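Here the structure is laid out as structure tokens; the discussion comes afterwards.
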Amino acid sequence: MTYATLAGRTAVITGAASGMGNATAQLLAAHGVRVALLARREDRLTELAGKITADGGQALVVVTDVTDQASVDAAAERVRTEFGPVDLVVNAAGVMLPNPVDAGRADEWQRMLDTNVTGVLRIIRAFTADLVAAAAGGRTADLVNISSIGAHVTFPNYAVYGATKAALTYLSASLRTELGPRDVRVTNIEPGLTDSELAGHVDNAELSGQLDGMFDALGGLSSDEIADLIAYTTSRARHINLRQVVVLPTRQA
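Under the working numbering, the first residue of the sequence shown is numbered 9, with each subsequent residue one higher.
As structure tokens, this is what we get:
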């Protein structure tokens with residue numbers, strides 16, 4: 009499928025160093041979107057930007073830690089200096105660290121809260137004015153948040169991760185009441201099992217093995233497939249908001 013209406017837009021993509029963020033950046037750039045690549049790993053971003061520019065696209069490497077306000081502020085200033093105002097924001101940065109609650113892993117809880125919730129809020133704060141201005145000028149404006157099926161389907165040992173994603177899903181719904189009347193679309197995407205680096209963050213061998221077993225039994229989505237869904241939702245006519253998308257491997261349903 010082609011997404012000709014995306015051409016000429018300017019996007020900020022967090023978590024662009026890997027997984028869904030990486031795949032989304034490549035796909036949007038291939039359809040004429042200027043992409044600002046935000047993540048912590050500069051080497052990964054540089055490699056991705058090289059691929060995009062080699063294919064004729066435009067990419068900007070912006071090393072950013074979404075858990076640090078000063079880093080996000082500097083990133084927003086750099087994006088506007090190099091690319092001007094943005095009209096598409098994809099919050100793909102996230103971390104999944106499952107463990108039993110009684111393990112007391114406060115370090116993991118804080119990291120998930122800082123990345124999955126507060127980090128998203130920092131990006132939203134940095135770029136909402138751009139989105140509102142784009143919509144006021146008659147252009148399409150999109151905020152896309154990547155949540156998880158874990159936002160409302162419970163899994164043992166994933167309580168805190170699920171809670172952070174539930175917060176993101178609720179935030180997206182609430183933001184639609186504020187931004188929708190100003191013609192800014194808010195899309196919340198909840199993937200099920202997806203092949204990304206999230207599983208690589210798990211430091212519990214038993215839970216890691218269980219996750220591998222689920223992929224073997226149920227199959228999984230690819231990051232490219234999630235990227236395709238993001239391209240589809242953001243390329244619809246500006247008066248159409250695909251507000252909530254739950255996407256699962258068929259067997260996971």
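Note that the Cβ used here is the ideal one computed from N, Cα and C, for glycine as well. Since the structure is predicted, the reported quantities are computational estimates derived from the model, not experimental observations.
So, for residue i: in the same chain, excluding its five sequence neighbours on each side, which residues have a beta-carbon less than 6 angstroms away from its beta-carbon?
{"i": "Ile157", "result": "Glu198 and Gly200"}
For residue i, which of the options has the nearest alpha-carbon?
{"i": "Arg190", "options": "Val140, Val161 and Ala225", "result": "Val140"}
{"i": "Ala78", "options": "Leu35, Arg49, Arg130 and Gly102", "result": "Arg130"}
{"i": "Ala284", "options": "Ala84, Asn107, Asp63 and Phe135", "result": "Since the displayed the chain opens at 9 and closes at 261, residue 284 lies outside it and no answer follows."}
Can you tell me whether DSSP reads residue i as helix, strand or coil?
{"i": "Ala31", "result": "helix"}
{"i": "Asn107", "result": "coil"}
{"i": "Arg190", "result": "helix"}
{"i": "Ala44", "result": "strand"}
{"i": "Leu201", "result": "coil"}
{"i": "Val74", "result": "coil"}
Nearest-angstrom Cα distance between residue i and residue j?
{"i": "Thr13", "j": "Leu183", "result": "24 angstroms"}
{"i": "Gln289", "j": "Phe163", "result": "The requested residue 289 is not part of the displayed model; the chain covers only 9 to 261."}
{"i": "Ala174", "j": "Ala245", "result": "28 angstroms"}
{"i": "Arg42", "j": "Val152", "result": "16 angstroms"}
{"i": "Ala114", "j": "Ala84", "result": "30 angstroms"}
{"i": "Arg88", "j": "Ala134", "result": "11 angstroms"}
{"i": "Ala171", "j": "Arg119", "result": "13 angstroms"}
{"i": "Ile154", "j": "Asn196", "result": "6 angstroms"}
{"i": "Asp161", "j": "Glu116", "result": "In the sequence on display, residue 161 carries Val and not Asp. Each residue's Cα considered, the two are about 20 angstroms apart."}
{"i": "Gly29", "j": "Arg49", "result": "13 angstroms"}
{"i": "Lys59", "j": "Ser26", "result": "14 angstroms"}
In chain order, what residues of the same chain have a beta carbon less than 7 angstroms from the beta carbon of residue i, not counting five sequence neighbours either side?
{"i": "Leu45", "result": "Ile21, Ala24, Ala33, Leu53, Leu56, Ala57, Ala67, Leu68, Val69 and Val70"}
{"i": "Gly40", "result": "Leu14, Ala15 and Gly16"}
{"i": "Val80", "result": "Thr72, Val74, Arg130, Ile131 and Ala134"}
{"i": "Asp63", "result": "Ala38"}
Should residue i be flagged as near chain D, meaning a C-beta pair shorter than 7 angstroms?
{"i": "Ala143", "result": "Of the chains in the structure shown, none is chain D; there is only one protein chain."}
| Every unbroken alpha helix (DSSP H) within the segment 82-156, with a cutoff of 4 residues, ordered by chain | 114-120 and 127-144
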